[in-house]
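Be aware that the sequence shown starts at 15, since it is given in the working numbering, and climbs by one per residue.
Contents: one structure, followed by commentary.
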Amino acid sequence: MNMAAILNVYKRKQAKDKLILIPILDADENTIGFLHPITADFDRTIPNCVQLLDRWREDNPTLSPSRFPITHERTRRWVMDLIVNNDRRILFMLQDLRDQYIGHIGFTNIDSEHRFAEVDMVLRGEPTEHTRFMHHAMEALVEWGKQELLLKHIDLVVLPHNDRAISFYSRCGFQNDGFIPLVKIEANGEVSWERCPKSTFTSEYYFIHMTLC
15 MNMAAILNVY KRKQAKDKLI LIPILDADEN TIGFLHPITA DFDRTIPNCV
65 QLLDRWREDN PTLSPSRFPI THERTRRWVM DLIVNNDRRI LFMLQDLRDQ
115 YIGHIGFTNI DSEHRFAEVD MVLRGEPTEH TRFMHHAMEA LVEWGKQELL
165 LKHIDLVVLP HNDRAISFYS RCGFQNDGFI PLVKIEANGE VSWERCPKST
215 FTSEYYFIHM TLC
């Protein structure tokens, strides 16, 4: 089964597919939560998904350098168009043992030919009693990527001023591997930043590129 087909099973693109939860284990291999995939029928499997994504995005502006109005309808379209119907991306809600959702994590830019993926949308939006919950969630995601998608290379990008995230990723085994310049795009009152080739552009803003060792 190719990567897109595997992702579609986890996203339940066919109603007959089972909902698959990936356990998050602590250092003693006790289950402390689950990676709960955002599925095609997310309104049923995660009824408050859009509301949580909206609130967490508002509460955590450093999640992305882009700036735009946050609305339920826009978030719903984003989930369907850029997550569910994107063959190179998957996003998991982080579910604790009380069936509460406390954040999200996933992969983007999945490349089946080179067995590569980029860690995406790492965020804890709610408090949790497990101080290393996010660390173990990252471990669960990486292990799933290696076992299920047969990934050989995993990396991520982070904004240079996000010291807390950089420190967290370092503790998870990622190392600084240089910079990715960004170009600013302004249209219709919104601001976005897009990656550009290092050899052709001098950027005023950039991502730090980190690679899992």
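Yeah, the Cβ is synthetic: ideal placement off N, Cα and C, and Gly gets one too.
All figures in this text were calculated on a predicted structure; none of them were measured in a lab.
task: Output the residue ranges of the beta strand (DSSP E) runs that lie fully inside the segment 185–212 and measure 3 residues or longer, sorted by chain position.
output: 188–201, 204–209
- request: Starting from Q28, follow the alpha helix (DSSP H) in both directions and report where the run begins and ends.
  value: Counting along the chain, Q28 falls outside any alpha helix (DSSP H), and DSSP gives it neither H nor E.
message: Tell me whether E43, by its Cβ, gets closer than 7 Å to a heavy atom of the ligand HEM.
response: This structure does not include the ligand HEM; it has no bound ligands of any sort.
- prompt: Do three or more CB pairs link the segment 113–127 to the segment 137–152 at distances below 8 Å?
  reply: Yes, the segment 113–127 touches the segment 137–152.
- request: Find the nearest neighbour of V171 within the set Y183, D113, L164, judged by alpha-carbon distance.
  value: Y183
From A41, Q161, F56, residue whose alpha carbon lies closest to that of M148: Checked all of A41, Q161, F56; the closest Cα to M148 is A41.
message: Helix, strand or coil, according to DSSP, for M152 in the structure here?
response: helix
- prompt: Is H50 buried or exposed, if buried means 16 or more other CB atoms sit within 10 Å of its CB?
  reply: H50 comes out buried.
query: Are the segment 159–168 and the segment 63–70 touching, with three or more C-beta to C-beta distances below 8 Å?
result: no
Distance CB(T53)-CB(R88) smaller than 8 Å: no
task: Could you tell me the distance, in whole angstroms, from the CA atom of I222 to the CA atom of A18?
output: 28 Å
message: Within 10 Å of its beta-carbon, does H86 have 16 or more other beta-carbons around it, so buried, or fewer, so exposed?
response: That one is exposed.
message: With a threshold of 7 Å on Cβ separation, who are the neighbours of F48 within its own chain once the five nearest residues in sequence on each side are excluded?
response: L35, I36, P37, I38, Q109
query: Looking only at C-alpha atoms, which of G187, T145, D57, A201 sits nearest to V156?
result: For the residues G187, T145, D57, A201, the minimum Cα distance to V156 belongs to G187.
- request: Kindly give me the distance between the Cβ atoms of M224 and Q189, rounded to whole angstroms, as I take these residues to be in contact under 8 Å.
  value: 6 Å
task: Going by DSSP, name the residue or residues bridged to Y219.
output: L196
- prompt: Which value, in whole angstroms, describes the spacing of the CA atoms of E43 and R146?
  reply: So the two alpha carbons sit approximately 13 Å from each other.
query: By how many angstroms is the C-alpha of R112 removed from the C-alpha of K32?
result: 21 Å
Assumed close pair I194, Y220 - CB separation to whole angstroms, cut-off 8 Å: 6 Å
message: According to DSSP, is E157 part of a helix, a strand, or is it coil?
response: helix
- prompt: Using the C-alpha atoms, what's the distance from F130 back to N159?
  reply: This sequence places Gly at residue 159; Asn is not what is there. If you take the alpha carbons of G159 and F130, they lie about 9 Å apart.
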